[in-house]
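S.K.: Before I ask anything, let me first share the structure, which is written out below as structure tokens.
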Amino acid sequence: MEKHFHDTSGGVCGIVVNRDYSGVRAKVRQRDKLVERLEIAETKLIIRANRRTEPRDHSVDKHTSDAPLWMSYLGQKDRPSMRLPVRPWLPSLPFLGVKVDEIYYLRAKVARLNLEIESAQQNPDKFPESNSAFVSFNERLSTPLAALVLKTRVPPSWTLKHGTTVADTIWQNVSNSWWQQLIRTMGTYLLVAALTLGFAIPVTVAGSLSQVKYLANATTWLHWINKLPGWIIAALQGILPQAIVSLITGMVPAMLQCLANKQGLHSRQVTESRVQVYYFTFLFVQVFLTVSLSAGFATIAGQLRGAIGSAPLVLAQNLPKASNYFFSYIIIYTFTTVAHTLLHLGSFIQLYLLSPVLDTTARQIWARRKSLDLQRWGTFIPVLTNIACIGLVYSVIAPIILFFSAFCFGVLWMLYRAYPPKLTDSDLSASTLFYPTAIRQLFTGIYFMELCLSGLFFLVRDEEDKASCTAQAVIMIIVTAMTALFHCTLVYGYKPRWLALSVFDIHKKDQSGVKKQPERVKERPTITYVAAQRDPNRDDILTSRPLVLWLPKDRLGVSDDEIYHTMRTKGLWVSNKGARLEGARVKLSGTPP
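Per this note's numbering, the sequence shown runs over residues 138 to 730.
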């Protein structure tokens with residue numbers, strides 16, 4: 138590897154081969170889950186003890202001075218308990234397995250895992266080497282130079298990947314082999330395609346509901362709809378379809394985020410960018426294409442009887458009626474976004490409806506508050522891009538939609554200037570991945586607009602039923618080809634410039650006086666990963682520290698007593714600072730220890 142980089146700007150400072158820490162990483166995940174369960178069990182014990190107004194037995198002299206304080210208020214049967222799995226590979230099942238005290242069992246298990254993890258962290262050389270390495274350079278400029286010239290200097294089996302910071306690296310995916318990456322990628326693509334196409338039926342129903350009045354006139358068994366009051370028909374056409382589509386699109390982002398995380402990508406930036414691609418694909422196929430076709434055919438259902446051959450012409454003549462759905466969609470999205478931002482409806486639901494039911498510990502309450510109204514880059518941008526594409530396509534079918542689109546983006550522009558959206562990982566905005574991806578996705582709307590206009594020209598007929606706008610259609614086809622040529626030029630010609638934007642940001646940070654460490658380039662036979670990091674030689678799993686148990690402070694002092702016994706017997710770190718118990722509710726006054 139050194140011979141490929143010896144003449145790169147500044148020269149090679151050092152090479153460190155990565156290692157496979159999957160075993161210790163699994164133990165860290167298991168420990169964090171057990172700590173969460175232990176906090177839940179301890180909090181339940183404290184709450185149960187504080188519900189007792191008086192000690193259970195006044196003759197406490199029978200207890201030793203080291204007896205836990207909870208024994209004065211609760212019996213052994215009142216403590217949280219659990220059943221051990223029948224087999225190590227099975228979860229705990231009700232009525233099966235040995236019943237044990239949950240707190241004592243989890244304390245011992247967490248303490249044992251802490252020792253095993255600490256021992257592994259102190260001996261990283263015992264782990265097997267992986268097929269990747271970090272190459273450190275002497276100058277910051279080495280990363281952008283390597284990103285641009287590496288393909289001409291390394292063997293064809295190496296693949297360049299680009300990252301920015303140590304926090305951006307997904308360490309558990311660094312050492313994936315080429316076949317693991319291929320299997321994960323193919324599986325993700327198949328599942329995303331199935332998810333995108335699987336919602337076609339409910340979205341088609343929603344699109345047809347937007348034209349329910351035309352369906353009622355076309356089919357005899359729906360004539361009863363015409364007898365309904367006008368406001369009910371308006372609600373069926375304008376509100377119900379939007380509610381169905383909103384419910385569907387609200388479930389999809391979490392699924393796509395999970396699939397992207399399982400894809401095994403090396404960078405959080407790249408993972409979020411993939412979510413952006415997947416979600417836009419879903420929105421464009423379902424919210425635009427499926428709805429347009431279903432709503433369009435719903436308007437001509439009665440005219441197709443005995444005239445199937447003229448379906449394209451009839452559809453072209455009635456397609457503007459299908460735009461009614463998108464008028465409602467854009468307006469409802471605009472006003473719901475404004476209401477949600479100004480009235481904080483999501484925060485109200487999270488804090489006052491979900492948190493009292495789902496959250497038990499102080500850490501769970503703090504995590505929910507921290508994530509209030511939090512949006513992800515990969516699911517925030519595609520919605521706006523899809524609205525822009527809808528406006529572009531329908532501008533040649535129903536030009537009035539341009540007014541609705543301009544109104545939507547104008548209102549959102551003023552709203553987000555005053556109330557910027559709360560996005561996860563705001564540092565990802567400097568990655569230069571989301572904006573170019575949105576621009577490329579916007580070309581999808583341009584292509585469909587040009588093709589739709591070409592099709593409309595081909596369908597125009599004169600008095601003799603002959604095509605009268607063939608020349609205009611051919612011109613639009615030529616324009617589409619020119620658009621594709623410009624698109625290719627934009628993608629391949631300006632890609633290095635987009636890549637270099639992050640370099641300028643890094644250079645500005647260097648000039649601000651913050652001392653930076655040399656950059657790192659990670660190489661392996663299947664992946665070459667270029668990254669600028671503070672300490673890229675160390676996987677974050679080697680510096681992972683156990684969570685401090687966070688308990689609420691109570692009036693009886695049960696939490697203080699539990700802290701004393703836990704730290705004395707198992708050596709676990711416990712704290713009750715920043716959390717207190719008021720009645721049966723946990724209140725916060727600080728952050729996790």
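C-beta: ideal position from N, C-alpha, C; glycine also.
Just so you know, these numbers come straight off a predicted model, no measurement behind them.
1. M388 lies in the alpha helix (DSSP H); which residues open and close that run?
2. For C625, which of helix, strand or coil comes out of DSSP?
3. Can you tell me whether K659 is buried or exposed? The criterion is at least 16 other CB atoms within 10 Å of its CB, across all chains shown.
4. Please determine, among D510, K458, V428 and R577, the residue with the shortest C-alpha to C-alpha distance to T474.
5. Using only alpha-carbon positions, find the residue among L402, N313, L243 and R321 that is nearest to D169.
6. Closer than 8 Å by C-beta to Y629: which residues in its own chain qualify, once you throw out the five before and the five after it? Chain order, please.
7. Please state the DSSP three-state secondary structure of C526.
8. Have a look at F472 and V548 and give me their C-alpha separation to the nearest angstrom.
9. Hey, I254 and K140: beta-carbon distance below 8 Å or not?
10. Find the nearest neighbour of Q512 within the set G387, P683, F623 and T703, judged by alpha-carbon distance.
11. Assuming P222 contacts P228 under a Cβ cut-off of 8 Å, what Cβ separation, rounded to an integer in Å, is found between them?
12. Just checking my contact of L402 with I307 at CB under 8 Å: how many whole Å lie between their CB atoms?
13. Cβ of E176 within 8 Å of Cβ of L686?
14. So A716 is in the beta strand (DSSP E); what residue range does that whole segment cover?
15. Run through DSSP, which three-state label would E191 get?
16. For V711, write down the residues that DSSP places opposite it in a beta bridge.
17. Relative to the C-alpha of A391, which residue among A721, L579, Y415 and E600 is closest?
18. Got a sec, what are the start and stop residues for the alpha helix (DSSP H) K411 sits in?
19. Out of S492, V520 and P519, which has the shortest C-alpha to C-alpha gap to S103?
20. Mind checking A132: buried by the 16 CB within 10 Å criterion, or exposed?
21. Roughly how many angstroms separate the alpha carbons of F544 and C395, rounded to a whole number?
22. I need the straight-line Cα distance from R185 to D697, nearest angstrom please.
23. Kindly indicate the opening and closing residues of the beta strand (DSSP E) around G151.
24. Below 8 Å, how does it come out for the stretch 603-620 and the stretch 584-592: are there three or more Cβ pairs, yes or no?
25. If you measure between the beta carbons of P225 and E239, is that distance less than 8 Å?
26. Do S431 and S345 count as a contact pair if the criterion is CB distance below 8 Å?
27. Going straight from the alpha carbon of A237 to that of K214, what length do you get?
28. Please report how far the alpha carbon of P730 lies from the alpha carbon of K714, in whole angstroms.
29. Would you kindly work out how many angstroms separate the C-alpha atoms of N461 and Q374, rounded to a whole number?
30. I'd like to confirm the pairing. Which residues does DSSP put opposite D238 in its beta bridges?
31. Using beta-carbon positions only, say whether F419 and I468 come within less than 8 Å of one another.
32. By alpha-carbon positions, which one of G367, A337 and I338 ends up nearest to V349?
M.R.: The structure says:
1. L377 to K399
2. helix
3. Reliability of the predicted coordinates at K659 is poor, the pLDDT of 41 falling under 50, and no value is obtained from them.
4. D510
5. If we check each option's Cα against that of D169, L243 comes out closest.
6. none
7. helix
8. One C-alpha to the other measures close to 9 Å.
9. no
10. G387
11. Contact holds; Cβ gap of about 6 Å.
12. 7 Å
13. yes
14. A716 to E719
15. Residue state, collapsed to three classes: coil.
16. Beta-bridge pairing links V711 to L686.
17. Y415
18. The question names Lys, yet the displayed sequence has Arg at residue 411. Note, R411: alpha helix (DSSP H), R405 to F419.
19. Outside the displayed span of the chain (138 to 730) sits residue 103, for which this structure offers no information.
20. Any question about residue 132 goes unanswered here, given that the chain covers just 138 to 730.
21. 34 Å
22. 15 Å
23. V149 to R156
24. With the cut-off at 8 Å, the stretch 603-620 and the stretch 584-592 touch.
25. no
26. yes
27. Before going further, note that residue 237 is Val rather than Ala in the sequence given. Near 11 Å, if we compare the C-alpha coordinates of K214 and V237.
28. 7 Å
29. 9 Å
30. S218
31. no
32. G367
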